[in-house]
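Only one structure is covered here, and it is reproduced in the block below.
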Amino acid sequence: MAREALEEYLEAVGAEIRWRRARRPLLRELSDHIADQAAAFQAQGLEEGPALERAVAEMGDPAAVGRDLDRLHRPQNRWSLALGVLFLLLAGLLLQHLSARFLQDSEADYYFRRQGFGVLLSVGVLAGLWFSDCTLLLRRRRMAPAALGLLLAACLAGGIALPWLRARTLVTYLALLMPVPYAALLCRLQGRGGGAVLLCGLGALTLTLPAFVFLATSAGIVAAGTMLLVLGAAAGLGWFSGRRGKALLLAWGPALALGALLLLRSPGFLLRLQVFLHPEGDPLGTGFQYLALRAGELLLPGEFYGNACDYFLAFLAQALGRWVYPAAAGLLLLSAGLLLRRAARLQSRAGKLLALSALLPLLLQAGLYLLFNLGWSPLGPLSLPFLSYGMGYLAVNAALVGVLLSVFRMDRLLRDGPATDPARPRPDHWDLPLGRGTLSIQYRRGT
31 MAREALEEYL EAVGAEIRWR RARRPLLREL SDHIADQAAA FQAQGLEEGP ALERAVAEMG
91 DPAAVGRDLD RLHRPQNRWS LALGVLFLLL AGLLLQHLSA RFLQDSEADY YFRRQGFGVL
151 LSVGVLAGLW FSDCTLLLRR RRMAPAALGL LLAACLAGGI ALPWLRARTL VTYLALLMPV
211 PYAALLCRLQ GRGGGAVLLC GLGALTLTLP AFVFLATSAG IVAAGTMLLV LGAAAGLGWF
271 SGRRGKALLL AWGPALALGA LLLLRSPGFL LRLQVFLHPE GDPLGTGFQY LALRAGELLL
331 PGEFYGNACD YFLAFLAQAL GRWVYPAAAG LLLLSAGLLL RRAARLQSRA GKLLALSALL
391 PLLLQAGLYL LFNLGWSPLG PLSLPFLSYG MGYLAVNAAL VGVLLSVFRM DRLLRDGPAT
451 DPARPRPDHW DLPLGRGTLS IQYRRGT
């Protein structure tokens with residue numbers, strides 16, 4: 031009888047919740063809280079059946095509770111961000127077409143069609159992840175470590191089976207995706223001590239080792255840097271036990287020391303650093319790229335070594351003027367500020383960490399690209415998100431934005447920490463997030 035009353039109550043509450051994706055987790059959470067209250071009544075001496083009936087009765091009118099839950103839990107679609115990305119995709123498609131014509135490339139039409147297909151693919155990837163359930167990464171214990179394991183295994187397998195250039199490209203793409211499952215795994219370590227923090231810091235470097243091995247150094251630094259920044263944010267948010275300063279030191283100290291050692295033992299990076307610091311003495315003659323970019327001299331595309339797409343901003347500045355650089359830097363800083371502010375306003379700390387893991391690779395790529403085009407980066411650029419040529423980069427960056435939009439959308443359903451333990455009673459109240467505060471449902475005490 032008591033179980034039937036609970037099922038009827040939950041059914042009545044669920045009838046008021048219009049967002050289907052929210053209905054199941056909310057009813058499960060409500061059922062857990064009723065079980066907590068029933069356990070408290072049992073501890074006071076009531077039998078199981080009467081305790082459950084009393085707990086259901088004290089929750090209040092099911093229609094009113096359902097309406098409150100429906101009002102609190104609506105999908106938060108950030109259409110402005112999605113439209114901004116779509117605008118960048120179309121602008122990049124147009125600019126790539128114009129630049130191909132300017133470079134008088136005989137295969138301009140082929141590249142334009144390929145980029146157009148990449149835009150369509152990216153829109154599909156973005157939409158698919160946007161309307162997916164990002165909370166699965168937090169609720170399913172094995173999903174985050176399984177995703178990290180698959181990405182790492184794909185890096186190693188691709189690096190061994192593919193030719194070097196293709197292996198490097200594949201490892202680059204996969205490395206940029208690693209921070210998201212890493213952050214999800216981090217979210218399951220709430221309350222752990224310094225040992226877990228230290229392992230997470232070293233794990234950020236371990237996961238990106240294939241990128242350094244296959245000379246995808248820029249991707250490795252962006253991915254490892256993102257993971258360490260997310261770990262530092264977790265320490266700053268008090269995610270781990272103990273003092274926050276100690277957690278931050280354990281997160282960054284050993285990892286940064288080991289990362290510096292890896293870079294200093296990399297012949298390719300040391301050679302590039304030497305050229306960056308002393309471009310005039312480069313014996314291979316490629317240092318002129320740094321000198322020309324720093325001086326802002328007009329150069330013909332054929333004078334550059336490497337992919338001309340890496341110098342997209344430089345070509346644009348040569349055509350329109352040097353004001354392109356401060357304008358690009360201003361837009362990057364403005365976008366970073368707005369998006370980071372929006373991520374900081376997420377209600378759950380787990381949501382903030384997931385949002386950072388998807389947002390930071392985009393911002394770091396853009397910053398690295400800008401510095402390289404100014405001649406002030408010893409690292410090669412990856413992409414100017416959504417403007418650079420390349421189907422792979424378009425798809426990866428679209429996936430990151432899709433995850434970010436999904437986190438924003440599912441913000442009301444994200445919870446910190448593990449699921450409630452029914453054996454642990456919560457006899458007094460139930461707090462729900464509401465705007466910048468909380469809605470507290472007080473249990474009525476029957477006699």
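All residue numbers for the sequence shown refer to my numbering, where the first residue is 31 and numbers rise by one. For every residue, glycine included, the Cβ atom is placed at its ideal position computed from N, Cα and C.
*Let me know the secondary structure DSSP gives residue 267 once reduced to three states.*
coil
*Do you know offhand how far residue 116's Cα is from residue 90's?*
46 Å
_Residues in the same chain with beta-carbon distance under 6 Å from residue 433, minus the five sequence neighbours each way, listed in chain order, please._
159, 210 and 388
*residue 292 CB to nearest heavy atom of the ligand FMN below 7 Å*: Looking for the ligand FMN in the displayed structure turns up nothing, as the structure carries no ligands at all.
*Can you give the beta carbon distance from residue 437 to residue 392, rounded, assuming they're within the 8 Å contact cut?*
14 Å between Cβ atoms; not a contact.
*Under 8 Å between the Cβ atoms of residue 214 and residue 270?*
no
*Return the CA-CA distance between residue 166 and residue 101, expressed in angstroms with no decimal places.*
23 Å
*Hey, quick one: how far does the alpha helix (DSSP H) through residue 46 stretch, first residue to last?*
Run containing residue 46: none; DSSP gives neither H nor E here.
*What is the DSSP secondary structure of residue 53, reduced to helix, strand or coil?*
helix
*Near residue 288, what residues of its chain come up, given a Cβ to Cβ distance below 8 Å and the 5 sequence neighbours on each side ignored?*
232 and 235
*Whole-angstrom distance between residue 261 and residue 88, CA atom to CA atom*: 41 Å
*Own chain partners of residue 208 with C-beta closer than 6 Å, once the 5 adjacent residues on each side are dropped*: 181, 237 and 253
_Suppose contacts are defined by Cβ-Cβ distances below 8 Å. Is residue 44 in contact with residue 96 by that definition?_
yes
*asked:* Just verifying my parser: in three-state terms, what is the DSSP assignment at residue 61?
replied: helix
*Is there contact between the stretch 347-355 and the stretch 418-428, where contact requires at least three CB pairs shorter than 8 Å?*
no
_Tell me the rounded alpha-carbon separation between residue 216 and residue 230._
8 Å
*Which residues bound the alpha helix (DSSP H) around residue 274?*
274-294
*Please say whether residue 121 and residue 417 have beta carbons closer to each other than 8 Å?*
yes
_Check whether the stretch 405-412 and the stretch 101-114 touch, using three or more Cβ-Cβ pairs below 8 Å as the test._
no
*So, using beta-carbon positions, are residue 92 and residue 35 closer together than 8 Å?*
no
*With distances taken between CB atoms, is the gap from residue 256 to residue 398 smaller than 8 Å?*
no
*In or out: residue 190 buried (at least 16 other Cβ within 10 Å) or exposed?*
exposed
_Counted within 10 angstroms of its Cβ, other Cβ atoms place residue 83 as buried (16 or more) or exposed_ = buried
*residue 296: which of 340, 243, 263 and 203 sits nearest, CA to CA?*
243
*With 16 other CB atoms within 10 Å as the buried threshold, where does residue 193 fall?*
exposed
*Inter-residue Cα distance where the pair is residue 201 and residue 40*: 48 Å
*In angstroms, rounded to a whole number, what distance separates the CA positions of residue 246 and residue 343?*
22 Å
*Which value, in whole angstroms, describes the spacing of the CA atoms of residue 299 and residue 53?*
52 Å
_Check for me: the alpha helix (DSSP H) holding residue 230 runs from which residue to which?_
224-237
*Beta-carbon separation of residue 228 and residue 280 under 8 Å?*
yes
_I'd like the span of the alpha helix (DSSP H) that includes residue 199, first residue to last._
194-207
_With H, G and I counted as helix, E and B as strand and the rest as coil, what does DSSP make of residue 122?_
helix
*By how many angstroms is the C-alpha of residue 446 removed from the C-alpha of residue 223?*
17 Å
*Beta carbon of residue 290 nearer than 8 Å to that of residue 249*: no
*Beta-carbon proximity of residue 405 to residue 323, cut-off 8 Å*: yes
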